[in-house]
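Take a look at the structure set out below.
Protein chains: 2
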Amino acid sequence: MTKPIARASATRPLGDSEPVSAFVRACRRMTTDRTPVWLMRQAGRYMTEYRNLRAKHSMLDLVRTAELAAEITLQPVAAFDVDAAIIFSDLLPPLVGMGLKLEYVSGDGPVIHNPIERPEDVARLTVTSPHETMGGTLRAIELVAAELQSKKVPVIGFAGAPFTLASYAIEGRGSRNYAKVKSFMRCEPGAWSGLMNRLVDMLVDYLRAQAESGASALQVFDSWAGQALGAQDYERFVAPYNQRLFSALGTIDVPVINFSTGTAAYIDRVAECGGDVVGVDWRMPIDTLWERIGHARAIQGNLDPVALLASWPVLAREIDDVLARCAGRPGHIFNVGHGVLPGTPVGNVRRLVDYVHERTSEITKDQKKDDRCA
Amino acid sequence: MTKPIARASATRPLGDSEPVSAFVRACRRMTTDRTPVWLMRQAGRYMTEYRNLRAKHSMLDLVRTAELAAEITLQPVAAFDVDAAIIFSDLLPPLVGMGLKLEYVSGDGPVIHNPIERPEDVARLTVTSPHETMGGTLRAIELVAAELQSKKVPVIGFAGAPFTLASYAIEGRGSRNYAKVKSFMRCEPGAWSGLMNRLVDMLVDYLRAQAESGASALQVFDSWAGQALGAQDYERFVAPYNQRLFSALGTIDVPVINFSTGTAAYIDRVAECGGDVVGVDWRMPIDTLWERIGHARAIQGNLDPVALLASWPVLAREIDDVLARCAGRPGHIFNVGHGVLPGTPVGNVRRLVDYVHERTSEITKDQKKDDRCA
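Protein chains in written order, with this note's numbering: chain H, 140 to 513; chain Y, 140 to 513.
The following block contains the structure:
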């Protein structure tokens with residue numbers, strides 16, 4: 140990205156008036172000319188442009204330097220006809236504002252050097268303004284929103300859900316069994332509640348600030364809930380806090396996406412916690428999930444990202460299957476069921492985006508014809 | 140274990156006559172005086188006796204030396220009042236007989252040095268007798284069966300399910316996204332079918348040999364299916380082979396346990412593939428799962444192994460919950476929903492086993508009283 144990025148105006152681009160982008164319209168279950176499509180991790184290691192930048196900067200530098208984060212965010216928008224950008228950031232940096240020492244260790248992934256081990260550790264968590272901790276991300280959203288205003292491509296803000304952040308804060312690093320966090324919540328229910336409530340408060344402030352900076356939608360990633368928790372643990376240790384979070388986010392005038400993975404067995408309960416859109420992974424067919432969530436909610440998903448590694452005919456069949464199961468019903472946002480994998484051919488991403496647009500333009504046209512006949 | 144282990148007689152201990160052990164009776168959904176209990180990985184790193192042996196021998200040595208494998212198998216039977224032993228072995232050694240070069244690399248877990256990468260690699264897989272490849276395990280079963288005959292404690296044989304083995308054969312090591320195996324099955328359906336069928340053939344031979352060596356039940360571990368696969372992939376790439384496997388195992392006169400994890404969302408389909416008992420993880424309440432599986436099948440599970448890390452009152456509540464949900468219905472085998480974790484207090488395991496026995500003796504007594512009144 141060589142040209143300078145203009146600063147966004149302070150006014151919010153959407154909300155008071157009828158939403159203009161297909162993506163935001165679909166979040167509100169309004170009709171669209173074609174199914175909107177974007178891909179989780181659409182900016183990432185599979186793109187040369189990203190790898191080139193990543194080679195020169197640490198992960199935290201990329202997240203914290205507004206111009207770099209904006210540049211990465213815009214890479215897939217320049218390369219593909221996606222219907223939304225998602226701000227380049229990561230789930231864990233907001234924890235730094237709570238006093239947790241975060242480092243991205245090459246090869247090992249993120250590490251928290253002072254994880255929460257005892258109830259007292261919850262009491263020592265600090266509160267800081269999102270503008271202080273996540274100022275780079277907020278400014279990056281302003282830059283991207285300004286840049287994309289003329290194209291009418293909205294930018295999505297995001298954050299990790301309370302459980303996913305609490306897991307990291309307690310485990311200190313990636314985990315296979317989540318034994319520490321699951322023991323903590325069982326054995327220290329008071330401290331667990333304190334931790335989750337502090338995370339909810341932080342997240343509401345941070346996500347509100349993202350909307351105020353120009354995000355047209357907000358996605359909450361509960362990436363670890365379903366990996367770690369059964370339905371009963373989710374009900375007791377997660378649902379009350381997610382409900383409070385989504386309820387508070389409901390007062391912000393942009394749509395909210397409630398995304399999780401591994402929760403297909405209890406997706407109805409996950410959906411009940413809130414959000415305008417429920418983001419689903421690839422573990423069950425999307426029509427089954429949508430039925431269990433209820434058609435009064437929009438849905439986002441659910442192509443298996445592994446399908447993007449296959450040849451085009453194989454990939455096209457799986458795209459067709461998702462589209463057929465949604466049958467042009469308003470409120471479907473096409474996406475992968477989890478992030479795009481490193482090694483994904485760029486050509487497959489481009490073709491996917493165009494194909495979803497073409498195929499669903501036809502479906503919409505057919506439906507309009509049907510409407511006319513009826 | 141200092142005393143020598145006698146060799147098993149060639150005759151099968153169970154099958155022709157009425158099963159005598161509570162565990163096998165429960166597999167057959169026959170009444171028992173109390174709910175039988177054993178724990179996946181009941182022999183393992185949480186026990187000092189195991190760690191002492193492991194410190195002196197490599198993993199493959201432990202698996203292949205019948206006397207050592209038998210000794211490890213018997214450790215939890217000596218320490219706790221469990222209703223079954225499970226032969227100490229691992230899922231991957233049978234792959235060695237197919238020509239795959241397996242090594243347990245300290246810190247990294249198992250590695251296959253010549254993984255399957257192309258369709259041609261499937262054609263080069265070899266066929267060997269289980270007595271040649273897994274002779275140590277088969278002899279260990281004989282030793283354990285002989286040792287436990289007087290105690291009437293049955294020994295369970297086991298193997299990995301075709302998908303779980305195929306994943307390892309293709310990925311070559313542990314995986315997060317299973318991208319290689321999922322790409323292979325999508326892009327090379329013919330070779331995939333060939334691989335899965337060869338695995339089924341090998342597994343039928345190996346599991347039959349285990350029963351002939353004295354195993355009173357057989358468990359098939361599909362530990363990775365639900366982590367890796369959604370319902371549609373399972374239907375297309377796994378179910379046909381599992382059905383063939385369980386159908387062939389049905390001709391062996393010992394009960395078969397069909398265990399998987401992460402499959403709660405489509406457990407009905409998993410159960411349809413076969414097995415006398417369906418082994419379930421901890422992701423959904425056991426009564427919900429049993430209802431979806433159907434009460435015409437026995438069920439094994441589903442305590443979260445993390446609960447065993449908690450204090451006794453917390454653990455007891457979770458045991459009570461599982462027992463209450465099963466309500467003494469014949470055909471419940473109490474177990475964890477996945478293997479016992481390293482670091483689990485031995486005292487909790489002992490207390491769990493005794494508690495399940497005590498509590499369910501009471502339930503059975505109450506039911507008998509009720510029956511008398513009715």
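Ideal placement from N, C-alpha and C gives every residue a C-beta, glycine not left out. This one's a predicted model, so the numbers in the text were calculated from it and none came from an experiment.
Environment of residue i [buried if 16+ CB atoms lie within 10 Å]
i: Y/Ala-217; result: exposed
i: H/Asp-392; result: exposed
i: H/Pro-452; result: exposed
i: H/Pro-152; result: Caution is warranted here: a pLDDT of 44 is assigned to H/Pro-152, below 50, making its placement in the model unreliable, and no coordinate value can be reported.
i: H/Gly-246; result: exposed
i: Y/Ser-160; result: buried
i: Y/Ala-194; result: exposed
i: Y/Arg-257; result: exposed
i: Y/Pro-328; result: exposed
i: H/Val-244; result: exposed
i: H/Asp-459; result: exposed
i: Y/Ala-435; result: exposed
i: H/Arg-190; result: exposed
i: H/Gly-299; result: buried
i: H/Asp-172; result: exposed
Chain H within 8 Å of residue i, Cβ atoms only
i: Y/Ala-208; result: no
i: Y/Leu-448; result: yes
i: Y/Leu-287; result: no
i: Y/Gln-371; result: yes
i: Y/Leu-480; result: yes
i: Y/Ala-149; result: The predicted model places Y/Ala-149 with a pLDDT of 34, which falls under 50 and marks its position as unreliable, so this point remains unresolved.
i: Y/Ala-224; result: no
i: Y/Ala-403; result: yes
Whole-angstrom C-beta distance between residue j and residue i, which should lie under 8 Å
i: H/Val-359; j: H/Val-395; result: 7 Å
i: Y/Gly-433; j: Y/Ser-399; result: With 8 Å as the limit, Y/Gly-433 and Y/Ser-399 do not qualify as a contact, their Cβ atoms being about 16 Å apart.
i: Y/Leu-241; j: Y/Ser-352; result: Y/Leu-241 to Y/Ser-352, Cβ: 22 Å. No contact.
i: Y/Ile-251; j: Y/Ala-308; result: 6 Å
i: H/Pro-269; j: H/Tyr-373; result: In fact, because the Cβ distance is near 27 Å, the residues do not count as touching under 8 Å.
i: Y/Asp-443; j: Y/Glu-430; result: With a Cβ gap of about 20 Å, Y/Asp-443 and Y/Glu-430 do not count as contacting.
i: Y/Arg-422; j: H/Ala-370; result: 7 Å
i: Y/Gly-467; j: Y/Thr-499; result: 7 Å
i: H/Gly-311; j: H/Pro-233; result: Not quite, the Cβ-Cβ distance comes to about 16 Å (not below 8 Å), so this is no contact.
Below-8 Å beta-carbon distance, residue i vs any chain B residue
i: Y/Trp-429; result: In the structure shown, chain B does not exist; the protein chains are H and Y.
Contact with chain Y by residue i, beta-carbon distance below 8 Å
i: H/Asn-316; result: yes
i: H/Cys-412; result: no
i: H/Trp-421; result: yes
i: H/Cys-326; result: yes
i: H/Ser-322; result: yes
i: H/Pro-394; result: no
i: H/Ala-435; result: no
i: H/Pro-424; result: yes
i: H/Ala-513; result: In this prediction, H/Ala-513 has a pLDDT of 38, which is less than 50 and means its spatial position is unreliable; what the coordinates show is noted afterwards. No, H/Ala-513 does not count as interfacial toward chain Y.
Within 8 Å, strictly: CB atoms of residue i and residue j
i: Y/Phe-302; j: Y/Val-377; result: yes
i: Y/Leu-447; j: Y/Leu-491; result: yes
i: Y/Val-419; j: Y/Gly-401; result: no
i: Y/Ile-226; j: Y/Val-294; result: yes
i: Y/Asp-493; j: Y/Arg-464; result: no
i: H/His-471; j: H/Thr-170; result: no
i: H/Val-283; j: H/Ala-224; result: yes
i: Y/Ala-305; j: Y/Leu-338; result: yes
i: H/Ala-404; j: Y/Ala-403; result: yes
i: Y/Leu-357; j: Y/Gly-296; result: yes
i: H/Met-186; j: H/Pro-215; result: yes
i: H/Val-485; j: Y/Lys-321; result: no
i: Y/Ala-318; j: H/Leu-201; result: no
i: Y/Tyr-380; j: Y/Asn-336; result: yes
Legend entry - Contact set between the region 356 to 369 of chain Y and chain H, restricted to residues whose Cβ is under 7 Å from the partner: Gly-369
Inset, instruction - Mind checking the region 230 to 243 of chain Y against chain H and listing, in chain order, the residues whose C-beta falls within less than 9 Å of any C-beta there? - result: Within the region 230 to 243 of chain Y, contact with chain H at the beta-carbon level (separation under 9 Å) is assigned to no residue.
Inset, instruction - Pull out every residue of the region 443 to 471 of chain H whose Cβ sits closer than 8 Å to any Cβ of chain Y, in chain order. - result: Asp-443, Pro-444, Val-445, Ala-446, Leu-448, Ala-449, Ser-450, Val-453 and Asp-460
Legend entry - Chain-ordered residues of the region 173 to 191 of chain Y with a beta carbon less than 8 Å from chain H: If the cut-off is 8 Å between Cβ atoms, the region 173 to 191 of chain Y has nothing near chain H.
Legend entry - Chain-ordered residues of the region 254 to 267 of chain H with a beta carbon less than 7 Å from chain Y: Residues of the region 254 to 267 of chain H that bring their beta carbon within less than 7 Å of a beta carbon in chain Y are absent altogether.
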